[in-house]
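Which chain is which? The protein sequence lines are A and B, in order.
Counting in the numbering used here, the first sequence runs from 1 upward without gaps.
Counting in the numbering used here, the second sequence runs from 610 upward without gaps.
Beta carbons are placed, not taken as given, at the ideal position from N, Cα and C, and that holds for glycine.
Take a look at the structure below.
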Amino acid sequence: MRNSGAMLILTFIAILTLQAAGVSPPGKPRLTSCRSPEKETFTCWWEPGGDGGLPTTYALYYHLENSETVYECPDYRTAGENSCFFNKNDTSLWVNYNITVVASNALGKNISDPVEVDVVYIVQPNTPEHVTAVVVHDEQGPFVRVSWEKPRTADTRSGWITLLYQLRVKQEKDKEWEEYNAGMQKYYNVFSLHPDKEYMVQVRCKPDHGFWSEWTQTTYVKMPDYITRERSLWIMITIFFVFIVVILTWTLNVKRNSVKLCLLPAVPGPKIKGFDKQLLKSGKSEEVFNTLVIQGFPPTTDYDNLLVEYLEVYDNEEQELVQDGKDLSEDCMKSKSPSDIDSGRGSCDSHTLLLEKCMDGREGSGSNQHQYSQHGETRWASTESSESQDPEPGSPESANGRGKTWPVVFPSPQPQPHHHYPVGAAKPAYHSVPEILNHLSPHAMSSNYHQLNHQDILQQERRFSKPACRHSQSYNQFNLDGIDTPAPGVAPSPSLEYVEVQRVNPENMLLLRPLSDPNREPEGSDCTREDYSKVKEVTSNNILLLQRDMSHQCVDDYSQADQCTTQQPPHPCKPAVHQSNSGMPQEAIRVMGNGYVDSTVFNAILPST
Amino acid sequence: MTQGSRLCFAVAVLMCAFVSINGVGLNDLLERASQLSDKLHSLSTSLTNDLDSHFPPVGRVMMPRPSMCHTSSLQVPNDKDQALKVPEDELLSLARSLLLAWSDPLALLSSEASSLAHPERNTIDSKTKELQENINSLGAGLEHVFNKMDSTSDNLSSLPFYTNSLGQDKTSRLVNFHFLLSCFRRDSHKIDSFLKVLRCRAAKKRPEMC
């Protein structure tokens, strides 16, 4: 009792002394990990707990799950310090190992906690070996082919262990790795690496059920400097389009005018002849509009419209006569407008006009020499125009006033007209005597009486051609072409001048002489000066009594045109008109209100010899 | 095409299909089997991890020893040298025997998984059910492999499982569940290893796989 107590006290004092000296039993070691690289061997590592200031030894003890036999670690050195290596013979699979580590020193020992380990669950292979990264040039572009070997210890050939590989790539400057799983194969192609850059490659592996190995050492690979196919294609496309754009721009520039015309068609501006936009802009409207005035407008055509004025106008009182005469005349004449009474009648209908046009139906033959004064041309209206125009119906007075010129129109009732008549009264003409104009004879007869031969005046040119119908007051032209009986010594006179009937010779020919004839007898000079003769009355025998200005110098003279019908007016200086109608039907003589004779109905027939 | 010719054509197609199905190469069959066994083991490992996340420490004390697994009586190679010496058909039979031994316990596990006193109960339940499906398909596949290999004898070991209840209290049930699962995890690893050895042994034409 005393001994044990004393021993105890002594031990206690010794421990205290030892602790005061700084030494202690070892600390508790701890197993850190156990690993099997190929599922054939395994290694366990521990860490010491503290040596307690004294040299400490460590021992690892293990026993299997179904046995109580404790075995100590067979190999402390292979795996290094504080490790225990279990070789193949000592390794059993699908068996739990119960492992403990004992640390012991002079003062004591310490045992670690036990660890249950099944080898198949702690497999961690070694790193892959011989990692290579090679640049492969392909038509698509270069890429890197990384290849490696399996860890030397792993027996994948028999299928005992199945390894899965993984690699990672990055540039030196990158922070994150790009990881790729390679599966069970031992190579991998890395695409989409940037040209002219250096890359780092690492590989590791893992068993089908286990832990990942460590990464291999870094393998460096440098990508070549190349232009990617895609980029080169884009460069080419860009250059091509730039080229096209340049060409187009240059072409547009060269042809900018036509392009402008095409895109922006010109807006048609106002096109008024004579309209000057500049003047308009300048604001002087008078000048602008002055230029619009066309000289010579309204067109003064030679003959057409003005003839309106010269259509004959009938007075109301005379209309009966006019009507009658007109009816008769219509038979004789081929009138174009038979109906109108008023002055709107066509020229052909006008019985005051001697128109060639009206001779159209007839033998309008060659009056060839129509010379009309310009003045005259403007006076006469053509048949057509007058008819078509139907000129002012309500202006008979004006026509009257201006209708100084009215021709003698002698319609020819017989179809054989014009040859017989010595007088070719071709054109409407002003006559000094409204009767057939005949040849001028040297013996001009001047008398107060004019005997109008009821002759058929052949208007050879009845036809109212424009120049033909024109005539002026001064016109005096006879177409002598058709005259069968040439009058001696009388040449057709183209000049426009008045003529007067000198006398009527026994052959019933009116001898005419121009007013300016120097051979005019004085006695009749005064009388012959007269231009017009007025009709005083119409006798029952259809004799036109012409009135003449009384002049004492006038000599009663008359010519007896016809034996049958001639009548001598009893009164001297009394105008008398003999109208010889040889075989001609009695015709009414139209008398105009002003005393002028419308001789359209006159049929002067000269007996043909 | 007449009716007769159509019938002949259909028969020919069916025969081709039949032959092709049976004509699946051994390599392909083993490949498929290896994949299934791999999945099997992975599932069991994840289940174990789920269980370990919330396992009471006292349970570890209560845990039966692994030798208490009902399949521990089956003699299997312990290392690689032994395993590589085993003939293929024996390896196959070992794999099939193990597989057959676990069909019943897995049924029990799947029925008990939903009532486990564990927070990960649902996940465990779904995984257990998936485990059961895989085992059935693998068993059928190995059946084909066996038929393909033309083994003379079919020496399957019988490993009966008599336990029909995991325990009375939730802790014991949980512990027993965990224990069973650990046994299965090991056995699934055995199956997977054996099948992969078989796969590489049959795939002489594809050395890159092994």
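Exercise. Residue 52/A to residue 60/A, Cα distance in whole Å?
Worked result: 19 Å
Problem set entry | Alpha-carbon to alpha-carbon, residue 807/B and residue 184/A | 17 Å
Exercise. Which class does residue 733/B belong to by DSSP, given the choice of helix, strand or coil?
Worked result: helix
Exercise. Between residue 70/A and chain E, is there a C-beta pair that is closer than 7 Å?
Worked result: The structure shown contains no chain E; its protein chains are A and B.
Exercise. Residue range of the alpha helix (DSSP H) that residue 691/B falls in?
Worked result: Element bounds for residue 691/B: 689-694.
Problem set entry | the segment 726-741 of chain B touching the segment 755-764 of chain B, judged by at least three CB pairs closer than 8 Å | no
Problem set entry | Near-chain B residues of the segment 149-174 of chain A (beta-carbon distance less than 9 Å), N- to C-terminal order | 155, 156, 157, 158, 159, 160, 161 and 162
Problem set entry | Environment of residue 85/A [buried if 16+ CB atoms lie within 10 Å] | buried
Exercise. Are residue 3/A and residue 41/A touching if we call contact CB-CB under 7 Å?
Worked result: no
Exercise. What number of angstroms, rounded off, separates the C-alpha of residue 705/B from the C-alpha of residue 726/B?
Worked result: 33 Å
Exercise. Which of helix, strand or coil does DSSP assign to residue 90/A?
Worked result: coil
For this session: List the endpoints of the continuous beta strand (DSSP E) containing residue 644/B.
Result: Per DSSP, residue 644/B belongs to no beta strand (DSSP E); it is in the alpha helix (DSSP H), 635-662.
Problem set entry | Classification of residue 624/B by the beta-carbon crowding that lies within 10 angstroms, buried from 16 upward | exposed
Exercise. Is the Cβ of residue 65/A closer than 7 Å to any Cβ of chain B?
Worked result: Taking Cβ atoms only, chain B reaches closer than 7 Å to residue 65/A, which makes this a yes.
For this session: Could you work out which residue in 163/A, 215/A and 194/A is closest to residue 174/A when comparing CA atoms only?
Result: 194/A
Exercise. Mapping DSSP to helix, strand and coil, what is residue 776/B?
Worked result: Three-state DSSP puts residue 776/B in coil, outside helix and strand.
For this session: Rounded to whole angstroms, what's the CA-CA distance from residue 206/A to residue 799/B? Just pull it up for me.
Result: Taking the straight line joining both Cα atoms gives about 18 Å.
Problem set entry | Whether residue 805/B touches residue 56/A by CB criterion (7 Å) | When the beta-carbon positions are compared, residue 805/B and residue 56/A stay at least 7 Å from each other.
Exercise. Any beta-carbon of chain A closer than 7 Å to the one on residue 696/B?
Worked result: no
For this session: Compare the C-beta of residue 96/A with all C-beta atoms of chain B and state if any pair is closer than 7 Å.
Result: yes
Exercise. For residue 188/A versus residue 167/A, is the C-beta distance shorter than 7 Å?
Worked result: yes
For this session: Starting from residue 54/A, find everything on chain B with Cβ-Cβ shorter than 8 Å and list it in chain order.
Result: Those do not exist, as residue 54/A stays about 34 Å from chain B at its closest Cβ, beyond 8 Å.
For this session: Run down chain B in chain order and give the residues with a C-beta less than 9 Å from the C-beta of residue 120/A.
Result: 795, 798, 799 and 802
Exercise. Just to confirm, are residue 679/B and residue 803/B a CB contact at a threshold of 7 Å?
Worked result: No, these two residues do not count as a Cβ contact at 7 Å.
For this session: Tell me whether residue 268/A is buried or exposed, calling it buried when 16 or more other Cβ atoms sit within 10 Å of its Cβ.
Result: So residue 268/A ends up on the exposed side.
Exercise. What separation, rounded to the nearest whole angstrom, lies between the Cα atoms of residue 212/A and residue 787/B?
Worked result: 27 Å
Problem set entry | Bridge-paired residues (DSSP) for residue 509/A | 505/A
Exercise. Listing by chain order, which chain B residues have their CB less than 7 Å from the CB of residue 610/A?
Worked result: Shown here, chain A extends from 1 to 609; a query on residue 610/A therefore has no answer.
For this session: Flag residue 610/A as yes if its beta-carbon sits less than 7 Å from any beta-carbon of chain B, otherwise no.
Result: Summary: the structure shown does not reach residue 610/A, with chain A confined to residues 1 through 609, and so no result is reported for it.
Exercise. Can you list the residues of chain B that residue 81/A reaches, using a CB-CB cut of under 9 Å?
Worked result: The contact set of residue 81/A on chain B, defined by CB atoms closer than 9 Å, is empty, because the minimum CB distance reaches about 27 Å.
Problem set entry | Rounded C-alpha distance that separates residue 134/A from residue 649/B | 39 Å
Problem set entry | residue 206/A: contacting residues in chain B (beta-carbon distance under 8 Å) | Result: empty, since nearest Cβ-Cβ is about 13 Å, beyond 8 Å.
For this session: Using the DSSP secondary-structure output, state which residues sit across from residue 768/B in a beta bridge.
Result: In DSSP, residue 768/B forms no bridge with anything.
Problem set entry | Proximity of residue 104/A and residue 31/A at Cβ, strictly below 7 Å | no
Exercise. Residue 806/B versus chain A: which residues are under 9 Å apart at the beta carbon?
Worked result: 158, 159 and 160
Exercise. Going by DSSP, what residues sit across from residue 143/A in a beta bridge?
Worked result: 136/A
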